[in-house]
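For reference, the structure is listed below as structure tokens.
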Amino acid sequence: MVVYAPDWALPVEGAPIRGGGVAVADGRIAAVGPADELEGEVRRFPKAAIVPGFVNAHTHLEYAVYAGFGDGLAFGPWLTMHIERKARIGWDEFVAIARLGAAECLASGVTTIGDASFSGASALAAADLGLPAIVYLEIFGADITCVDDLRKRLGELEGEVDGQVSLGVSPHAPYSVSADVYAAAYGLGRPIATHVAESDDERDFMLRGEGPIVAVSDVEPPRTTSVRHLAAHGLLRADVLAAHCVKVDGEEIELLRRNDVAVAHCPRSNALLGCGVAPVRALLDAGVRVGIGTDSPASTPSFDMFEEMRAAVYAARARAERPDALSASEALELATLGSARALGLASETGSLVAGKRADLSVVSLAGSPYLPWEDPTVAVVFGGSPERVQLTLVAGEARYEKGEFRWQELRRSAAAARARMLATGAQPAPKT
Ligand SMILES: [Zn+2]
Numbered sequence: 001m002v003v004y005a006p007d008w009a010l011p012v013e014g015a016p017i018r019g020g021g022v023a024v025a026d027g028r029i030a031a032v033g034p035a036d037e038l039e040g041e042v043r044r045f046p047k048a049a050i051v052p053g054f055v056n057a058h059t060h061l062e063y064a065v066y067a068g069f070g071d072g073l074a075f076g077p078w079l080t081m082h083i084e085r086k087a088r089i090g091w092d093e094f095v096a097i098a099r100l101g102a103a104e105c106l107a108s109g110v111t112t113i114g115d116a117s118f119s120g121a122s123a124l125a126a127a128d129l130g131l132p133a134i135v136y137l138e139i140f141g142a143d144i145t146c147v148d149d150l151r152k153r154l155g156e157l158e159g160e161v162d163g164q165v166s167l168g169v170s171p172h173a174p175y176s177v178s179a180d181v182y183a184a185a186y187g188l189g190r191p192i193a194t195h196v197a198e199s200d201d202e203r204d205f206m207l208r209g210e211g212p213i214v215a216v217s218d219v220e221p222p223r224t225t226s227v228r229h230l231a232a233h234g235l236l237r238a239d240v241l242a243a244h245c246v247k248v249d250g251e252e253i254e255l256l257r258r259n260d261v262a263v264a265h266c267p268r269s270n271a272l273l274g275c276g277v278a279p280v281r282a283l284l285d286a287g288v289r290v291g292i293g294t295d296s297p298a299s300t301p302s303f304d305m306f307e308e309m310r311a312a313v314y315a316a317r318a319r320a321e322r323p324d325a326l327s328a329s330e331a332l333e334l335a336t337l338g339s340a341r342a343l344g345l346a347s348e349t350g351s352l353v354a355g356k357r358a359d360l361s362v363v364s365l366a367g368s369p370y371l372p373w374e375d376p377t378v379a380v381v382f383g384g385s386p387e388r389v390q391l392t393l394v395a396g397e398a399r400y401e402k403g404e405f406r407w408q409e410l411r412r413s414a415a416a417a418r419a420r421m422l423a424t425g426a427q428p429a430p431k432t
């Protein structure tokens with residue numbers, strides 16, 4: 001038995017514990033409490049806090065090297081540019097990029113992800129680096145035969161991943177996937193992730209068949225909003241994770257709640273693409289399951305969950321014009337247990353509770369303006385960063401330890417893939 005003993009333990013389920021420790025045995029949390037009452041070999045972390053491993057509810061590991069691609073473009077042209085660049089690289093490059101993404105997640109204290117995967121390479125990368133994941137294979141279009149191909153890809157990948165990585169399906173979005181294809185994908189009986197109500201471009205296409213998405217979609221505009229369209233076709237269910245949900249009104253929030261759809265809130269992505277601010281307070285007050293996701297560096301510069309928690313707080317408080325619109329402890333809960341609930345994994349991870357998988361992160365606040373300690377949750381949420389993560393444990397195994405990581409190898413092959421995407425074709429025109 002090993003006892004991880006920082007200054008504070010933040011169990012998320014239960015109040016912060018000063019001098020708290022987490023005892024780990026056989027990959028599970030054996031006990032949480034005052035460290036000097038726990039038995040085992042003690043590892044001390046002064047000026048640090050232990051938090052549950054973050055659960056990044058919406059990632060695309062395969063876009064880990066897309067930072068800055070098309071910054072400032074409108075949503076439609078931005079999407080077109082990514083589709084075009086993605087076509088320039090192959091399987092090995094997707095894997096190389098996704099491995100870097102998985103490493104960056106672990107280095108940010110992330111211990112589980114919900115990943116939407118274009119090629120399926122994320123599943124291999126997550127399994128290889130020991131990052132538990134639900135990898136949702138993406139499909140696009142109105143041609144139902146793509147679901148046969150999806151079934152085949154699922155079968156091929158199934159044999160290559162271990163028990164900590166499971167496979168789901170991701171019909172990309174209601175503007176890029178027809179209701180028939182959605183229904184056929186649901187029929188595969190896997191967990192589902194999709195992008196919903198992300199932008200005004202999506203809304204213009206869905207409601208009126210107008211705007212930049214017309215050029216990239218073969219789907220018939222349904223003349224209603226994405227949430228209402230999915231509801232009308234019986235496609236809102238408890239095993240559906242809806243990323244974004246920025247453009248939702250009160251009636252749509254009620255549809256999400258009634259059908260127990262979970263939402264992955266991605267505040268940085270929504271801000272950087274100019275999509276808006278999701279009504280996270282209203283979603284929470286309605287009783288919708290909400291988690292936090294970084295989305296990918298295609299829109300957000302990093303898989304940094306600390307930045308994402310802060311962005312969630314900034315956006316919620318700015319939208320509501322109230323400092324109590326989202327507290328630091330609510331942000332921490334959204335990024336851990338909230339995301340675990342959204343992915344249907346809360347019995348296994350998301351909080352420091354005896355019996356759960358020993359997924360945790362040790363965050364040092366040494367040298368930060370938040371010491372001496374006043375409120376350890378405020379310190380972690382506002383003062384934390386990947387550079388401050390000392391240790392990330394997954395099922396009791398150190399998957400990341402500061403100062404010991406094979407960054408060079410991971411970065412070299414991922415950078416080569418980025419270079420290939422930038423090498424040919426015209427650069428996107430600057431926004432006018
Ligand atoms: Zn996404």
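If you're matching positions, the sequence shown starts at 1 in our numbering and goes up one per residue.
In this text, a Cβ means the ideal position worked out from N, Cα and C, and glycines have one as well.
Given the structure is predicted, the values throughout are model-derived calculations rather than measurements.
Residues near residue i in its chain [Cβ-Cβ closer than 6 Å; skip 5 each side]
{"i": "G112", "result": "The question names Gly, but residue 112 is Thr in the sequence shown. Closer than 6 Å at the Cβ level, and outside the excluded window around T112, lie V55, P132, T349."}
{"i": "E93", "result": "A417"}
{"i": "V280", "result": "H265, A316"}
{"i": "G101", "result": "L61, A64"}
{"i": "T392", "result": "L106, G109, S361, R399, Y400"}
{"i": "G209", "result": "P221"}
{"i": "E333", "result": "V12"}
{"i": "A5", "result": "G21, A35, V42, R44"}
{"i": "Y182", "result": "P171, L235"}
{"i": "V277", "result": "A315, R319"}
Reduced DSSP category for residue i - H, G, I as helix; E, B as strand; rest coil
{"i": "Y136", "result": "strand"}
{"i": "A398", "result": "strand"}
{"i": "G195", "result": "According to the sequence shown, residue 195 is His rather than Gly. Of the three classes helix, strand and coil, the one that applies to H195 here is strand, per DSSP."}
{"i": "W8", "result": "strand"}
{"i": "F405", "result": "coil"}
{"i": "N56", "result": "strand"}
{"i": "P301", "result": "coil"}
{"i": "L61", "result": "helix"}
{"i": "V161", "result": "coil"}
{"i": "K86", "result": "helix"}
{"i": "I17", "result": "strand"}
{"i": "T377", "result": "helix"}
{"i": "F94", "result": "helix"}
{"i": "D115", "result": "strand"}
{"i": "A426", "result": "Reliability of the predicted coordinates at A426 is poor, the pLDDT of 45 falling under 50, and no value is obtained from them."}
{"i": "A441", "result": "In the structure as shown, the chain begins at 1 and stops at 432. Residue 441 is therefore absent and cannot be evaluated."}
{"i": "P369", "result": "coil"}
{"i": "G33", "result": "strand"}
{"i": "G383", "result": "helix"}
{"i": "P267", "result": "helix"}
{"i": "S122", "result": "helix"}
Burial state of residue i, where buried means 16 or more other Cβ atoms lie within 10 Å
{"i": "A247", "result": "A quick correction: the sequence has Lys, not Ala, at residue 247. Result: buried."}
{"i": "P46", "result": "exposed"}
{"i": "R85", "result": "buried"}
{"i": "G68", "result": "exposed"}
{"i": "M1", "result": "exposed"}
{"i": "T59", "result": "buried"}
{"i": "G72", "result": "exposed"}
{"i": "P430", "result": "Model confidence at P430 stands at a pLDDT of 44, short of 50, so the residue's coordinates are unreliable and nothing is read from them."}
{"i": "A426", "result": "In this prediction, A426 has a pLDDT of 45, which is less than 50 and means its spatial position is unreliable; what the coordinates show is noted afterwards. Its Cβ having fewer than 16 others within 10 Å, A426 is exposed."}
{"i": "I144", "result": "exposed"}
{"i": "R341", "result": "buried"}
{"i": "W91", "result": "exposed"}
{"i": "K152", "result": "exposed"}
Nearest-angstrom Cα separation, counted from residue j out to residue i
{"i": "A311", "j": "P323", "result": "14 Å"}
{"i": "E254", "j": "R289", "result": "12 Å"}
{"i": "G163", "j": "G19", "result": "34 Å"}
{"i": "R88", "j": "A414", "result": "14 Å"}
{"i": "D149", "j": "S269", "result": "30 Å"}
{"i": "P297", "j": "V380", "result": "23 Å"}
{"i": "Y314", "j": "V378", "result": "13 Å"}
{"i": "D295", "j": "A173", "result": "14 Å"}
{"i": "S368", "j": "G384", "result": "9 Å"}
{"i": "S122", "j": "G159", "result": "14 Å"}
{"i": "S119", "j": "R388", "result": "32 Å"}
{"i": "R257", "j": "L241", "result": "12 Å"}
{"i": "S299", "j": "G40", "result": "44 Å"}
{"i": "N259", "j": "A185", "result": "18 Å"}
Own chain residues within Cβ distance below 7 Å of residue i, not counting five before or after
{"i": "S351", "result": "P11, V12, E13, P52, T336, L337"}
CB-CB length for residue i against residue j, believed under 8 Å
{"i": "V214", "j": "S178", "result": "Contact flag wrong, Cβ pair sits at about 15 Å."}
{"i": "A15", "j": "I50", "result": "At roughly 14 Å, the Cβ-Cβ gap does not stay under 8 Å, so A15 and I50 are not in contact."}
{"i": "V24", "j": "A358", "result": "4 Å"}
{"i": "G168", "j": "R190", "result": "5 Å"}
{"i": "L343", "j": "G114", "result": "5 Å"}
{"i": "G291", "j": "A262", "result": "7 Å"}
{"i": "I17", "j": "V353", "result": "Not quite, the Cβ-Cβ distance comes to about 13 Å (not below 8 Å), so this is no contact."}
{"i": "F405", "j": "A103", "result": "7 Å"}
{"i": "D304", "j": "P386", "result": "6 Å"}
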